[in-house]
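Here the structure comes first, spelled out in C-alpha cells, and everything after it is commentary.
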DNA sequence: TCGTAATAATGAAACGATTCAAGTAATCGA
DNA sequence: TCGATTACTTGAATCGTTTCATTATTACGA
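Here you go:
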C-alpha cells in the first residue's frame, strides 16, 4: 500500500525516518545509525551492558526507544542455533490434569528464561508426529511429551541432534530418556483396592484404548488388587477416548443393563470419563451412586469435588510433575544429555461420596 | 559422549558424513552437496517442486532423506520477515471456556497453515504485556487476545508495524480493531431475568474485579433486568479472581450469613466461580441449592452439567468464537488490515436444577 | 545446421542478530 | 613524556533460508 510517493519538495523533513517507522520494523542497524555507533555496540548494550560506557549506552537506549526497536527473535536463534523455547505435547488440553501440569511447566520454564510452546495431540499419533516436526523445525531447546503413539525412535533421533526430551506422565527406562511420572500401577491398585475394601466385588474398569500406557498401567494395578480377592471380578469396558463425552457413552450402555449385570464398583481411567458416566446415570435416574454402583475416577481434577456426587479419585501431583519435568530437561541441557533420570511420584487416594460404603450384602 | 576418536586407519569410510550426522543438523547446503546441485535448487524442491525436473528432484529428496534434513524455521522467517505463527493470549487456561476456544482457534489456524502460540496471562496485566513482547519478538503474523489490562495502545503500535490483532471475547468499536465476542450485557440480562422469573428477588452478583470488561458488562445486563422489578435488589460481591477457589471464598462468606440476608438468587460471572460457591454451600450443609438460594453461572462449561447440583448457565459458542477469530485475522492479513469487523454472538440460557423453581413466597 | 524459445539449474545477495579479532582512546605509573 | 594497561568500540563474518537475475541446457521448427 501507498507505494507511489514522489520525492517532491512538499515532503516533510524527517521523511526517511517516517518511512522507516511506517514500513519496516526497525533493525539493530537502524538503531546503530540513529545512535551513531556500530551494530556490535548495540548488540552489546542488549546482551552485555557492562561492556559499554554509560554515555553510549544512554544514546543507544534512547535510539531504541525512539525507533521502537524490537529484537528479531528469528535472527537471534538463527545465529544461536537454537531457540529459547521448550515444546510441550499433551494428549488433551481439555483435560484439567494436563492444563494444570502445563501451567506448572510454563511457570518453571519462564523462571529459567524459556517460553513453552503447547501442542495438543488430541490422542492422535498423527497430530503428535506433526507437532514433533513443527518443534524440530523451530529448533526447540527440548521437548516435554506425554506420548500417545510410539515415538521412541523419533525422540532418539531428536536426541542425537542435541534436542533432549523428557517423558511426562510416562515412565521410561532411564537408559534412554529422562522421565517424570506417577506410579499408575500403584494408582490403579489404590482405586480398585478401595472399591474392594468398601464391599464391592463386581468391578468394571472404564478406559480408552489400552494401547495408551497410562491406561494399561492403571488397569494392571486394578487387576492386581482384584486378584487378591478370589470372589471379585473385573470387567473391562473400552471407551473410545478419554473425554466426558466418551464417558457418557459408556454410561448410557451401563444404564441399559439389568441390576444383576451392573458392576457395583466402577473405576474410570480418568475423571473426565467418570464425570461422563456419572452424568448418564444421574440423567436417567435408573441407578444411584454410590448405592447401586460406586464410582471412582483418576487425576482428582478440581471439578471432581463439585460433581453431582462428589467424586472419589486418585490424586496426582500436577504441579510437581510440571516443575520436575522442566528441571530434568534443564539437567539434560547442562550435562549434554548424557545421563538420564526417572522421577516417579506416588499417587494418593481421595475418598468422596461417590464411593462411600453402603449397607451392602457380601 | 564419544568425543575422542583418533583418525586412525581403523576408521570407517563415510566418516566425514558420520561426523556431520553426529554433530550438526544438516543444512540445505549439505543437502545440495550431497545431491550435487545448487542450494537454490534444493530450496526450489521444497517450495516450488514444479520448477525442478523429476531427475534432480529425486536426487534431492534422496539426499534430504539420507541426511535427515529438517528445515530451519528461524532462517526461513528471518528471510520472510514474519513467522507462520499466531499468538493467542487468554486470561486463564484453567478455565475450560478458554481452552475450548483456544482449541477451536488452533484447529482453524492449522487448516490455513499456521500454528498457534498459546499464552496465559493469568488475569495479570504484567504477564499479558510480557506475552505481547514475546510475540512481537517472534514476529507473529497476528494476535488474538482476550485482554485483561488496557492494551489498546500496544495493539495499535503492533498494527502500525503490520501485526494485526483481533479482540476475542471482547467487543471493540470496529474503527480500531476487529473483534469477536458474545453479547455479555444480553447474557447478564438473561441470567438475572431468569432468576427473577423464577421468583427470586434478593439477587447477588459475584464477579472478579469490575475493571474486567466482561464482568462489567454482565453486571450491567443484570442491573438492567433487576431494574425492571421495583421490588428486586442486586447486591454485588467482589470476588478476587475468577477461579473455583475465589468462588469458594465468596461461598464461605455467604454461609456465615443469616437466612434473612442471604441472597435468594446468585449470579456468578463465570461457572468456575459458581462451582466454587456451590462447593462451599454443599460442604457446610447450611443452605441448599436451589431451595434456599438459586445459582446460575456463565459459560456453560462441560462440568456445569455434572455439578453437585447441575448448574444453570449462560452458554457461549466457544467453537464459533475461536474459528471466527482466526477468520477475521485472516481477513485482516489479506486486506492489509485496512477495514475491521466486529462479530457479536448471542448467548443462550441453559436451565438446570440449580435454578429450578421452588415453592416460594414472593 | 542454426536460431529461438522454453525449461532447468546456478549462485550471489539479503534477512537481522551475535561474535570476536582488531583497532582506538583513556588512564596510570614512572 | 612514554609505554603499558585497561576500557570501549568497531565492523566483517556467520548462521540457513529464499529470491532472482544469469547462465546452461534442451527441444523444436525452418
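Protein chains in written order, with our numbering: chain U, 1 to 362; chain L, 1 to 362.
Note that beta-carbon positions come from the ideal geometry of N, C-alpha and C, so glycine has one too.
Where residue i falls: helix, strand or coil (DSSP)
{"i": "residue 345(U)", "result": "strand"}
{"i": "residue 190(U)", "result": "helix"}
{"i": "residue 235(L)", "result": "strand"}
{"i": "residue 116(U)", "result": "strand"}
{"i": "residue 132(L)", "result": "helix"}
{"i": "residue 352(L)", "result": "coil"}
{"i": "residue 62(U)", "result": "helix"}
{"i": "residue 276(U)", "result": "helix"}
{"i": "residue 28(L)", "result": "helix"}
{"i": "residue 251(L)", "result": "helix"}
{"i": "residue 21(U)", "result": "For residue 21(U), the predicted structure reports a pLDDT of 39, less than 50, and the residue's modelled location is therefore unreliable. The matter cannot be settled from this model."}
{"i": "residue 173(U)", "result": "coil"}
{"i": "residue 221(U)", "result": "helix"}
{"i": "residue 299(U)", "result": "strand"}
{"i": "residue 139(U)", "result": "coil"}
{"i": "residue 357(U)", "result": "coil"}
{"i": "residue 313(U)", "result": "strand"}
{"i": "residue 157(U)", "result": "helix"}
{"i": "residue 294(L)", "result": "strand"}
{"i": "residue 108(U)", "result": "helix"}
{"i": "residue 199(U)", "result": "coil"}
Neighbourhood of residue i by C-beta, 7 Å cutoff - its chain only, sequence neighbours within 5 removed
{"i": "residue 347(L)", "result": "182, 183, 186, 187, 190, 314, 315, 316"}
{"i": "residue 17(L)", "result": "Here the model assigns residue 17(L) a pLDDT of 37, short of 50, so the residue's position is not dependable and the matter cannot be decided."}
{"i": "residue 342(L)", "result": "171, 172, 174, 178, 179"}
{"i": "residue 223(L)", "result": "234"}
{"i": "residue 232(U)", "result": "196, 201, 203, 226"}
{"i": "residue 49(U)", "result": "57"}
{"i": "residue 220(L)", "result": "185, 188"}
{"i": "residue 52(U)", "result": "41, 44, 45"}
{"i": "residue 339(L)", "result": "none"}
{"i": "residue 102(L)", "result": "88, 90, 118, 322"}
{"i": "residue 64(L)", "result": "31"}
Cutoff 6 Å; reference residue i; Cβ partners in own chain excluding five residues on either side
{"i": "residue 274(L)", "result": "268, 295, 297, 311"}
{"i": "residue 108(U)", "result": "323, 326"}
Cβ-Cβ distance between residue i and residue j below 9 Å
{"i": "residue 154(L)", "j": "residue 129(L)", "result": "yes"}
{"i": "residue 147(L)", "j": "residue 86(L)", "result": "no"}
{"i": "residue 30(U)", "j": "residue 69(U)", "result": "yes"}
{"i": "residue 139(U)", "j": "residue 77(U)", "result": "yes"}
{"i": "residue 301(L)", "j": "residue 27(L)", "result": "no"}
{"i": "residue 255(U)", "j": "residue 280(U)", "result": "yes"}
{"i": "residue 304(L)", "j": "residue 352(L)", "result": "yes"}
{"i": "residue 253(L)", "j": "residue 97(L)", "result": "no"}
{"i": "residue 289(U)", "j": "residue 206(U)", "result": "no"}
{"i": "residue 319(U)", "j": "residue 164(U)", "result": "no"}
{"i": "residue 169(U)", "j": "residue 328(U)", "result": "no"}
{"i": "residue 132(U)", "j": "residue 117(U)", "result": "no"}
Element boundaries [beta strand (DSSP E), containing residue i]
{"i": "residue 202(U)", "result": "202-207"}
{"i": "residue 267(U)", "result": "265-268"}
{"i": "residue 87(L)", "result": "85-90"}
{"i": "residue 168(U)", "result": "165-168"}
{"i": "residue 71(U)", "result": "Counting along the chain, residue 71(U) falls outside any beta strand (DSSP E), and DSSP gives it neither H nor E."}
{"i": "residue 180(L)", "result": "178-182"}
{"i": "residue 144(L)", "result": "142-145"}
Proximal chain U residues relative to residue i, where beta-carbon distance stays under 8 Å
{"i": "residue 99(L)", "result": "93, 94, 99"}
{"i": "residue 200(L)", "result": "Within 8 Å Cβ-Cβ: nothing; residue 200(L) doesn't reach chain U, min ~22 Å."}
{"i": "residue 381(L)", "result": "Nothing about residue 381(L) can be reported from this structure: the residues present for chain L run from 1 to 362 only."}
{"i": "residue 308(L)", "result": "306, 307, 308, 309, 310"}
Within chain U, partners of residue i - CB distance below 7 Å
{"i": "residue 70(L)", "result": "136, 137"}
Where the alpha helix (DSSP H) through residue i begins and ends
{"i": "residue 262(U)", "result": "Element bounds for residue 262(U): n/a, residue is neither H nor E."}
{"i": "residue 212(L)", "result": "Run containing residue 212(L): none; DSSP gives neither H nor E here."}
{"i": "residue 323(U)", "result": "318-335"}
Interface partners of residue i on chain L, CB under 9 Å
{"i": "residue 61(U)", "result": "In chain order: nothing, as chain L lies at least about 16 Å away."}
Interface residues of chain L facing residue i [CB-CB closer than 7 Å]
{"i": "residue 302(U)", "result": "244"}
{"i": "residue 54(U)", "result": "Result: empty, since nearest Cβ-Cβ is about 25 Å, beyond 7 Å."}
{"i": "residue 25(U)", "result": "161"}
{"i": "residue 77(U)", "result": "74"}
Cβ-based neighbour list, residue i, same chain, cut-off 8 Å, excluding 5 preceding and 5 following
{"i": "residue 194(L)", "result": "296, 312, 349, 351, 355"}
The ligand HEM heavy atom lying under 8 Å from the CB of residue i
{"i": "residue 122(L)", "result": "Absence of the ligand HEM is noted for the structure shown, with no ligands found whatsoever."}
Contacts that residue i makes with chain L (C-beta to C-beta distance below 8 Å)
{"i": "residue 83(U)", "result": "74"}
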